[in-house]
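Input: a single structure, listed below in structure tokens.
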DNA sequence: TTTTGCATAAATGTATACAAATATAAAAAT
DNA sequence: ATTTTTATATTTGTATACATTTATGCAAAA
């Protein structure tokens with residue numbers, strides 16, 4: 001098999017199990033157990049662990065072993081803070097290159113996002129598709145990759161959160177406004193809408209996470 | 001052995017060999033050859049490769065094998081662009097927390113940077129120590145880590161570049177101005193100096209890299 | 001009862017060996 | 001001569017086996 005690229009079946013299955021919360025958070029994971037779980041030897045498990053650690057899905061647990069790092073509101077806050085600055089930046093570079101065809105595709109994705117029966121994971125994936133489509137036009141591979149990494153990190157946090165209908169409507173309205181501003185080549189407006197949009201999403205998530213830790217961590 | 005944390009001797013030796021240009025750029029590296037070079041089996045070599053790939057020191061070469069990615073001016077440009085936005089951001093968060101002691105340490109580092117006999121690697125390391133000292137005070141681990149990663153990526157590019165004495169003087173003057181602004185708690189000024197400082201460093205590097213590819217790539 | 005030391009057990013790191021996949025070269029056909 | 005096919009060699013991916021390190025539990029001493 002073409003094994004351990006981000007595309008290895010073990011890597012994918014492992015990551016999905018982390019995302020879906022099917023593995024314990026904060027406790028050390030044993031290589032042997034993981035090998036049994038996925039029906040392979042420890043070597044490919046080690047390879048996958050290395051990669052997932054580098055991507056932030058796993059963290060060192062003491063001197064030995066790895067764990068799924070617990071959710072941390074401050075971490076989420078930082079991720080959204082960075083997105084607030086980097087995404088308007090890449091959007092600026094993207095706008096001059098956006099074709100009518102791409103804008104049409106973006107419009108299509110927006111319509112799919114109107115479906116309020118989507119679960120948080122599906123919604124998150126579609127949402128990223130929309131933004132990614134716009135950002136890729138900037139033709140800035142390294143900048144794009146960093147932003148994609150930030151989204152990947154954020155993806156670990158959403159999916160727990162059940163979004164209110166009210167928030168979903170606001171978010172969608174902003175998406176439409178953003179696309180309109182882009183069509184008008186009004187870069188300044190587009191940037192400010194996007195920054196606001198990310199800021200709100202961040203606040204929503206951080207508030208949710210802080211609520212969680214308040215109810216859970218009772219000494 | 002405590003093997004493959006970023007601290008494994010193999011990982012360190014391997015990365016240093018890449019940084020120092022002791023391994024061929026752009027051609028596939030054979031696991032067997034690397035294993036022989038470092039006197040170990042292929043397993044730890046594979047572990048190190050995984051990690052270095054995730055950190056950007058190595059890249060996929062076609063379907064099989066890895067290579068040291070060639071230097072790319074556009075990539076460097078993106079890295080500095082991101083730093084221009086993220087470093088002033090973290091500095092803003094850091095300034096309220098900076099103690100007199102930390103500012104004193106920063107002053108010390110600045111004096112060491114006056115030494116113009118340093119080679120590019122030493123200079124780069126000291127320069128990062130100075131900035132890192134300030135940034136850590138922000139107590140924003142995730143934001144800090146991302147910025148540190150960007151610097152690590154940049155480190156692959158500098159070290160080839162021989163900095164002009166003129167640039168070194170300008171750069172040091174900016175460092176002093178920055179520290180003064182921070183002492184005055186003049187956040188606005190500090191941010192603008194820092195952004196300018198990074199912008200100049202980026203332009204210097206990108207110009208150098210473009211010069212390189214112009215002279216090398218003759219069909 | 002608490003703490004220190006040691007013995008045992010568990011888990012990770014590495015080497016060797018083998019299987020699968022890809023690239024290379026040579027031979028055959030057009 | 002060029003292209004396609006086939007066989008060979010090289011290289012990577014994985015499993016098993018062993019060495020090394022860290023954790024755990026028990027006993028003895030304070």
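Protein chains in written order, with full-length UniProt numbering: chain H, 1 to 219; chain U, 1 to 219.
Ideal Cβ positions, reconstructed from N, Cα and C, are used throughout, including at glycine.
Asked, Found
"Using three-state DSSP, classify residue 218 (chain H) as helix, strand or coil.", "Residue placement at residue 218 (chain H) cannot be trusted, given a pLDDT of 39 that sits under 50; what the coordinates show is reported in the next sentence. Reduced to three states, the DSSP call for residue 218 (chain H) is coil."
"Do we get a CB-CB distance below 8 angstroms when we pair residue 35 (chain U) with the residues of chain H?", "no"
"Less than 6 angstroms between C-beta atoms, sequence neighbours within five positions excluded: which residues of the same chain meet that for residue 65 (chain H)?", "28"
"Which of helix, strand or coil does DSSP assign to residue 68 (chain H)?", "strand"
"Taking the alpha-carbon of residue 154 (chain U) as reference, which of U:133, U:74, U:98 has the nearest alpha-carbon?", "U:74"
"Residue 188 (chain U): buried (16+ other C-beta within 10 angstroms of its C-beta) or exposed?", "exposed"
"Measuring CB to CB, does residue 193 (chain H) end up less than 8 angstroms from residue 201 (chain H)?", "no"
"Check this for me: beta carbons of residue 91 (chain U) and residue 173 (chain U), under 8 angstroms apart or not?", "no"
"Answer yes or no: do residue 209 (chain U) and residue 81 (chain H) have a C-beta to C-beta separation smaller than 8 angstroms?", "no"
"Quick one: which residues of the stretch 66-92 of chain H get their C-beta closer than 8 angstroms to a C-beta of chain U? List them in chain order.", "74, 75, 78, 79, 81, 82, 85, 86, 89"
"Would you report the Cα separation of residue 156 (chain H) and residue 127 (chain U), rounded to the nearest angstrom?", "34 angstroms"
"Residue 24 (chain H) lies in the alpha helix (DSSP H); which residues open and close that run?", "Residue 24 (chain H) -> no alpha helix (DSSP H), and no H or E assigned at all."
"Let me check understanding here. Comparing Cα to Cα, which of U:123, U:119, U:22 lies closest to residue 113 (chain U)?", "U:123"
"Does the CB of residue 200 (chain H) have a neighbour CB from chain U at under 8 angstroms?", "no"
"Does DSSP put residue 3 (chain U) in a helix, a strand or coil?", "Legend: pLDDT at residue 3 (chain U) = 33, less than 50; position of this residue unreliable, no value from coordinates given."
"Could you give the distance in angstroms between the alpha-carbon of residue 39 (chain U) and the alpha-carbon of residue 147 (chain H)?", "39 angstroms"
"On a Cα-Cα basis, can you pick out the residue from H:44, H:94, H:131 that is closest to residue 12 (chain H)?", "H:44"
"Label residue 77 (chain H) either buried or exposed according to how many other C-beta atoms from any shown protein chain fall within 10 Å of its C-beta, with 16 as the threshold for buried.", "buried"
"Are the C-beta atoms of residue 134 (chain U) and some chain H residue less than 8 angstroms apart?", "no"
"With a threshold of 8 angstroms between beta carbons, is residue 3 (chain U) in contact with chain H?", "At residue 3 (chain U) the pLDDT is 33, less than 50, meaning the model places this residue with poor confidence and gives no usable figure here."
"Within the continuous alpha helix (DSSP H) that includes residue 83 (chain U), where are the two ends?", "73-94"
"Taking the beta carbon of residue 143 (chain U) as the centre, do at least 16 other beta carbons fall within 10 Å, making it buried, or is it exposed?", "buried"
"Can you tell me which of the three DSSP states residue 52 (chain U) falls into?", "helix"
"Does any residue of chain U have a CB that is nearer than 8 angstroms to the CB of residue 55 (chain H)?", "yes"
"Roughly how many angstroms lie between the CA atoms of residue 218 (chain H) and residue 212 (chain H), to the nearest whole one?", "The pLDDT assigned to residue 218 (chain H) is 39, lower than 50, so where the model puts this residue is not dependable; a value taken from the coordinates is nonetheless given after this. Taking the straight line joining both Cα atoms gives about 11 angstroms."
"So is residue 83 (chain H) buried or exposed if we call it buried at 16+ other beta carbons inside 10 Å?", "buried"
"Tell me which residues share the same chain as residue 3 (chain H) and place their Cβ nearer than 6 angstroms to its Cβ, disregarding the 5 neighbours each side in the sequence.", "The pLDDT assigned to residue 3 (chain H) is 33, lower than 50, so where the model puts this residue is not dependable; a value taken from the coordinates is nonetheless given after this. Excluding sequence neighbours, residue 3 (chain H) sits near nothing in its chain."
"Against residue 140 (chain H), what residues of chain U qualify as contacts under a CB-to-CB distance less than 7 angstroms, listed in chain order?", "78"
"Let me know if residue 59 (chain U) comes out buried or exposed under the rule of 16 or more other beta-carbons within 10 Å of its beta-carbon.", "exposed"
"Can you check which of these residues, H:119, H:42, H:131, H:115, is closest to residue 94 (chain H) by C-alpha distance?", "H:131"
"Please classify residue 115 (chain H) as buried or exposed, where buried requires at least 16 neighbouring CB atoms within 10 angstroms.", "exposed"
"Give the DSSP bridge partners of residue 60 (chain H), in chain order.", "H:66"
"By the three-class DSSP mapping on this structure, what secondary structure does residue 163 (chain U) have?", "coil"
"Residue 175 (chain H) to residue 102 (chain U), Cα distance in whole Å?", "44 angstroms"
"Can you tell which of H:46, H:23, H:179 has the C-alpha that lies nearest to the C-alpha of residue 197 (chain H)?", "H:179"
"Does the beta-carbon distance from residue 125 (chain U) to residue 55 (chain H) come in below 8 angstroms?", "no"
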